[in-house]
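For reference, the structure discussed in these notes is given below.
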Amino acid sequence: MFLEMSLLFLAAASLVFLAGLLASRRRLRTVARPMLLAMGLMLLLTAVFDNLMIAAGLFDYGSHALSGVRVGLAPIEDFFYAACAVLLVPGLWWLTEPLERRRAAGQRSAKPTGRTPQP
């Protein structure tokens, strides 16, 4: 059950990432390496800290809704959260970037400068 839900969230995060990439007019080639590095780091940190927290007894998962696939003690479903975050953050950033620029430009033009325009 959690695996299917995680796959849906990953698909949605991927769509947001692609929409942001297209909206920002960035090339996949320019963002691929930093994205892969971020994804690798987040997955590594998830593996390390999830295993430590589960081993310390801070929490445990009921196995009734999990796929049963684990990396050490951590269920594979935990890794989807990290992957979704790595895709969602830049995707949402890129999607909101033009809006922020328009707002900033609108605020600058609304403020009186006290100077008269030069012909």
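At position 15 of the sequence shown the residue is numbered 15 (UniProt numbering), and the sequence of numbers has no breaks.
Even glycine gets a Cβ: it sits at the ideal position worked out from N, Cα and C.
DSSP places R25 outside both helix and strand once states are collapsed to three, so it counts as coil. Taking 8 Å as the cut-off, the Cβ atoms of L95 and S14 do not count as close. Along the length of the UniProt domain "Lycopene cyclase" (8-90), whole alpha helix (DSSP H) runs at least 4 residues long occupy 28-55, reported in chain order.
With contacts defined as CB atoms closer than 8 Å, V71 and A47 qualify as a contacting pair. The three-state secondary structure of M5, taken from DSSP, is helix. At least 8 Å separates the beta-carbon of E97 from that of L3.
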